[in-house]
Amino acid sequence: MKATREPVAGHYLNLELLGRPHRLYVEEAGQGVPLLCLHTAGSDTRQYRGLMNDAEITRDFRVIAFDMPWHGKSSPPSGWQTEEYRLTSADYSRMVLEVCDALALDRPVVMGCSIGGRIALVLAMEQATRFRAIIGLQSGATIDPYYELTWLHHPQVHGGEASAAYVSGLMAPSSPDAERWETLWHYMQSGPGIFKGDLYFYRGADGDIREQLSAIDTRVCPLYLLTGEYDYSVSPEDTRAAAERIPGVKFTVMPKLGHFPMSENPALFLTYLKPVLAEIKARG
Amino acid sequence: MTRFSFCAKVRTQMALPLDTLQARASGDAQLARFGLDLDCALLIGDGDTDWLVEIARGKVVRVTKGPLVMPKTDLRLRAASETWTRFLEPVPPPGYHDLLALRRYRRIQIEGDIRLMSAYLFYLKRLFALLRAPDA
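Which chain is which? The protein sequence lines are G and R, in order. Following this note's numbering, the numbering of the first sequence begins with 6 at its first residue and continues without gaps. Following this note's numbering, the numbering of the second sequence begins with 120 at its first residue and continues without gaps.
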C-alpha cells in the first residue's frame, strides 16, 4: 500500500475557555467559508474525517473541528482530579463562541451532531447573528431517557467499552462495518466519565428546550436539521417535533443513516450535506 | 382454521432459533473478543417460551428450553415473538434493529444485573445478532 498524506492539519491552541486556561486540539482542512464542526458526546474531531478529506467540500469551505476540553487530544483543565465533568448548555455555547473568537472566524457556518445538534438549536435561539448558517445533525429539543447512566462511569465496568456498546445500535445496520467500528473506537478511547458528563447536558436542568424554540428566527440565520432514520436517541420524530416549532427551518430525514451520519457512513452523509452547503454558499 | 394458518401461528409463537445458539456462537471471534471472563446465566423470553442460556468463561456451554423451574439467572430479557421476528429480519426496520432500540420503544423487558449487562453489552448484542444469520 502506497503511503498518502491527508490534507488535514492539526494544531494546539492555547486559550482561555470558561475563564480557565486550556490547551485545545484543533483540526482543519480547506479554504473559504469557515465551517465549524462539533463532535458528539464522548467522542472527538475524528468523526469529521470524511468531510475534511472531501475535495469538493474543502474547495469552498474551511472545515474546522476542535476536541472539546476533556475530549480527544484536548486535555482537561488543570485541577481536573478533584472535579466531576458536567457539560451545561451555557458553558457549551460560550465555549463555541470563545473558540470562534480565538480563531477569528467571520460568521462561520456551525454544524453539530447529537449534543452538538442540540447546541446548534441553542445557538440558533441565542446567537443567530454570529453565524452564516446553522446545521443540526440529530437535533432534538428533549430526549426520552431509556437507560441508566451509572454504568458509563463505574469502577466495575470498562467505561469505554460500555459507552461504545450503549451507542453502537444508534447506527444504521447498512453503514459500513469499518466506519461503524472506527466510530465506536473513538468512544472506547474517551476519558473516564466524559460521555456521562456530556449527557448531563441532555438530562440536567437544560434537558428540555421545546418551549424556547419559537424564539428562533431563521430569517436572521438559516437553520437546517438533518436526522438519520435509525437513530433512536434522537429519532426523526424527535427532530420533526422540534422542527414543527421553528418557522422556516429545513428538515430532512436521512434514510440508511443513524446517530453518527458523518462518521458511520461519510460517503452517504455527504450526499445529503452537499446540497445544504451549496445553498449556503449561494446565499453568500 | 386452515392448516396453513395453524402453521403460521406456530411459527410466530417462537421467533428466536435459540436451539441453534450454541453452534452459532461456537468459535465466534467477536464473542471471544468481548466475552473476556464472562460467567452468567441468561434468561431469554420469546413470547411464552423461556430459554436458559448458560455462559462460562465467555463460551455458551448450555441452552435449555423451558418450562424452567425457578432457575437462578443473572439477567432476563423478554420480548413478544412478533418483536423478535422483526428484530431477526436481515435488515431490521428502525426501532427493531438493536436490543437497546427495543428498550427505547419499550418492546423488551430487561431485568437483573444491569452492571453485568453494561460490562458485556457488546457480547450480548453479538449473541443476539448471531441469531439473525439465516443458517444454523
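The beta-carbon is built from N, C-alpha and C at its ideal position, and this holds for glycine as well. Model, not experiment: these values are computed from the prediction.
Taking C-beta pairs closer than 8 Å, name the residues in chain R that residue i reaches, listed in chain order.
i	result
Ala167 of chain G	Ser237, Ala238 and Leu240
Gln161 of chain G	Arg234 and Ala238
Glu234 of chain G	Pro213
Hey, how far is the Cα of residue i from the Cα of residue j?
i	j	result
Val162 of chain G	Ala170 of chain G	12 Å
Tyr17 of chain G	Asp65 of chain G	24 Å
Val172 of chain G	Pro26 of chain G	32 Å
Gly233 of chain G	Trp170 of chain R	35 Å
Lys244 of chain R	His158 of chain G	20 Å
Ser219 of chain G	Gly121 of chain G	19 Å
Ser144 of chain G	Gln149 of chain R	32 Å
Leu228 of chain G	Leu278 of chain G	13 Å
Thr192 of chain R	Asp167 of chain R	17 Å
Lys286 of chain G	Met6 of chain G	37 Å
Leu142 of chain G	Asp232 of chain R	34 Å
Leu219 of chain R	Gly196 of chain G	23 Å
Pro252 of chain G	Val182 of chain R	56 Å
Pro266 of chain G	Ala60 of chain G	19 Å
Leu102 of chain G	Ile163 of chain R	50 Å
Ala127 of chain R	Leu196 of chain R	Model confidence at Ala127 of chain R stands at a pLDDT of 46, short of 50, so the residue's coordinates are unreliable and nothing is read from them.
Asp203 of chain G	Val31 of chain G	19 Å
Contact check, residue i vs residue j under 8 Å by CB: the rounded distance?
i	j	result
Thr188 of chain G	Ser268 of chain G	4 Å
Leu48 of chain G	Tyr192 of chain G	Before going on, a small fix: residue 48 of chain G reads as Ser here, not Leu. Sure, about 6 Å apart at Cβ, within 8 Å.
Pro74 of chain G	Leu29 of chain G	7 Å
Lys184 of chain R	Asp138 of chain R	7 Å
Arg137 of chain G	Pro113 of chain G	6 Å
Val104 of chain G	Ile139 of chain G	Their Cβ separation, rounded to whole angstroms, is 15 Å, which puts Val104 of chain G and Ile139 of chain G out of contact at 8 Å.
Under 7 Å Cβ-Cβ, which residues of chain G neighbour residue i?
i	result
Gly214 of chain R	Tyr237
Ala220 of chain R	Gly174 and Tyr237
Arg291 of chain R	Nothing in the structure corresponds to residue 291 of chain R, since chain R is present only between 120 and 255.
Asp217 of chain R	Gly174
Can you list, in chain order, the residues of its chain with a C-beta nearer than 7 Å to that of residue i? Leave out the 5 residues immediately preceding and following it.
i	result
Pro280 of chain G	none
Leu23 of chain G	Asp96, Arg99 and Met100
Val258 of chain G	Thr232, Glu234 and Pro241
Arg222 of chain R	Ile229
Phe256 of chain G	Leu230, Thr244, Arg245 and Ala248
Arg130 of chain R	Unreliable positioning characterises Arg130 of chain R in this predicted model, as indicated by a pLDDT of 47, which lies under 50. The coordinate reading is nonetheless provided below. Result list for Arg130 of chain R: empty, nothing under 7 Å.
Ile199 of chain G	Gly47, Trp75, His76 and Tyr90
Please go through the same chain and pick out, in chain order, the residues whose beta-carbon is closer than 6 Å to the beta-carbon of residue i, but skip the five residues on each side of it.
i	result
Pro271 of chain G	Gly55
Ser124 of chain R	With a pLDDT of 44 at Ser124 of chain R, under the threshold of 50, the modelled position of this residue cannot be trusted, and the question is left open.
Along chain R, which residues have their Cβ under 7 Å away from the Cβ of residue i?
i	result
Glu153 of chain G	Ile233
His264 of chain G	What His264 of chain G touches in chain R: nothing, since even the nearest Cβ is about 11 Å away.
Trp156 of chain G	Ile233, Arg234 and Ser237
Using the beta-carbon of each residue, which ones in chain G are nearer than 8 Å to residue i?
i	result
Val210 of chain R	Pro178 and Ser179
Arg223 of chain R	Asp149, Tyr151, Tyr237 and Ser238
Lys244 of chain R	Ala170, Ser173 and Gly174
Since residue i meets chain G, which of its residues come closer than 9 Å, beta carbon to beta carbon?
i	result
Asp193 of chain R	Ordered by position in chain G, no residue passes the 9 Å Cβ test against Asp193 of chain R, which lies about 14 Å from the chain.
Between which residues of its own chain and residue i is the CB-CB distance below 8 Å, once the five residues before and five after are set aside?
i	result
Lys132 of chain R	What sits at residue 132 of chain R in the sequence shown is Gln, not Lys. Only Gly166, Asp167, Thr168 and Ser200 meet the Cβ criterion.
Tyr215 of chain R	Thr202, Arg205, Phe206, Glu208, Leu221 and Arg226
Asp106 of chain G	none
In chain R, which residues lie less than 9 Å from residue i when you measure between Cβ atoms?
i	result
Trp186 of chain G	None at all; the shortest Cβ gap to chain R is about 10 Å.
Worksheet item: Is there contact here, the segment 238-246 of chain G with the segment 73-91 of chain G, by at least three beta-carbon pairs under 8 Å?
Response: No, the segment 238-246 of chain G does not touch the segment 73-91 of chain G.
Practice prompt. Determine, using beta-carbon pairs with one atom in the segment 240-249 of chain G and one in the segment 137-149 of chain G, whether at least three such pairs fall under 8 Å.
Written response: In short, these stretches touch, since the Cβ pair count reaches three.
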